[in-house]
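Each residue of the sequence shown is one higher than the one before, counting from 37 in the numbering used here.
Where is the CB? At the ideal position from N, CA and C, for every residue including glycine.
Notes follow once the structure below has been shown.
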Amino acid sequence: MRTSSVVLTLPALCLLVCLPAAVQGRGLLGERYVDVLFGRTMVNDPAIEPIDDTISILGADLNWPISERLDLHAEISREELNGSDWFDVDIKATTVLGGVTYHFRPDQKTNPFILGRMGVTHSEIGRSNWSMEGDSSETGVAIALGGGVEFGASEDFSVRPSLTYQRVDLDIGNADDIVLGADANYWLTRHVFALGGLGIALEHRDITFFVGLGVGF
């Protein structure tokens, strides 16, 4: 994009299925909202670790239901990797995605969903002292396809495990992976919610954590 965290999270999700059917949590599917996210990715790549083993993330989402089961979704994220004293390099990547989310059981405690996103990624590499090429930039196609289930745990709290295939096509090479994720949201008021989550890239083993705040309207 938390191995031990996911091992603990998945059994907890299984327990939610056994909750009384009357419990219906307010999730994010079918809600009109915007949010802002902050996160970090712990990199498990020997080629990148000498430069910096963490990537900072700033992102935002917009969700807009257009029918009972279908949501339009747009998101933007900015990732930054700053080099160490040995590698004077600054790498930034901005990704913009748009698409839809289809959920099968709106207003139910257990609501499966599928999603599709497509957009672009723009990367910038600067201040490199280990490359003779100097600064460079590149733009490529990005896609995300996946699905999961949103579980209502209480009136204001829901949990959502998911599995998503992510791919970015650039001239320097293609990057793709399947991400196992789990996130949760809690409505602090009728219009304000907090959220957080994690994701594990199953092939590269990168681990991403994030937290955020959102507003429903």
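**Message:** Checking 9 Å against the spacing of the C-beta atoms, do Ile102 and Leu94 come in under that value?
**Reply:** With contacts defined by Cβ atoms closer than 9 Å, Ile102 and Leu94 do not form a contacting pair.
**Request:** Give the secondary structure of Asp213 by DSSP, where H, G and I count as helix, E and B as strand, and everything else as coil.
**Result:** Asp213 falls in the strand class under three-state DSSP.
**Message:** How far does the beta strand (DSSP E) with Thr157 in it extend, from its first residue to its last?
**Reply:** Residue range Thr146 to Gly162 is occupied by the beta strand (DSSP E) that includes Thr157.
**Request:** Pick helix, strand or coil for Arg68, following the three-state DSSP scheme.
**Result:** If DSSP states are grouped into helix, strand and coil, Arg68 belongs with coil.
**Message:** If I measure Cβ to Cβ from Asp242 and keep anything under 7 Å in the same chain, skipping five residues before and after, which residues do I get?
**Reply:** The answer, listed in chain order, is Met37, Thr77, Met78, Val79 and Asn80.
**Request:** Could you check the C-alpha separation between Ile127 and Ala180 for me, to the nearest Å?
**Result:** Whole-angstrom Cα-Cα distance: 22 Å.
**Asked** Taking Cβ positions, are Arg153 and Leu64 nearer each other than 9 Å?
**Response** No; because the gap between Cβ atoms is not below 9 Å, this pair is not in contact.
**Request:** With DSSP as the reference, label Gly267 as helix, strand or coil.
**Result:** Only positions 37 to 253 of the chain appear in this structure, which leaves residue 267 out of reach.
**Request:** Could you tell me which residues DSSP pairs with Glu115 in its beta bridges?
**Result:** DSSP output for Glu115 lists Ile93 and Ala129 as bridge partner(s).
**Message:** Tell me the rounded alpha-carbon separation between Glu111 and Leu238.
**Reply:** Answer to the nearest angstrom: the Cα atoms are 23 Å apart.
**Asked** Of all the options Leu73, Glu186, Pro148 and Leu106, which has the alpha carbon lying nearest to the alpha carbon of Ala230?
**Response** Among Leu73, Glu186, Pro148 and Leu106, the Cα nearest to that of Ala230 is on Leu73.
**Request:** Excluding the 5 residues preceding and the 5 following Leu98 in the sequence, name in chain order all residues of the same chain whose CB lies nearer than 6 Å to its CB.
**Result:** Hits under 6 Å: Val70 and Ala110.
**Prompt:** What does a CB cutoff of less than 7 Å around Gly135 pick up in its chain, not counting 5 residues either side in sequence?
**Reply:** Cβ within range, chain order: His109, Leu151, Gly152, Arg153 and Met154.
**Prompt:** Which term fits Glu104, buried or exposed, when burial requires 16 or more other beta carbons within 10 angstroms of its beta carbon?
**Reply:** With a threshold of 16 other beta carbon atoms within 10 Å, Glu104 falls short and is exposed.
**Top-ranked residue by Cα proximity to Leu206, from Gly184, Ser159 and Gly233** = For Leu206, the closest C-alpha among the options Gly184, Ser159 and Gly233 is that of Ser159.
**Item:** Nearest to Gly252 (by Cα), restricted to the options Leu234, Glu67 and Gly61
**Value:** The option with the nearest alpha carbon to Gly252 is Glu67.
**Message:** On the CB-based measure, 16 or more other CB atoms within 10 Å of its CB, does Leu256 come out buried or exposed?
**Reply:** The first residue shown for the chain is 37 and the last is 253, placing residue 256 beyond what the model contains.
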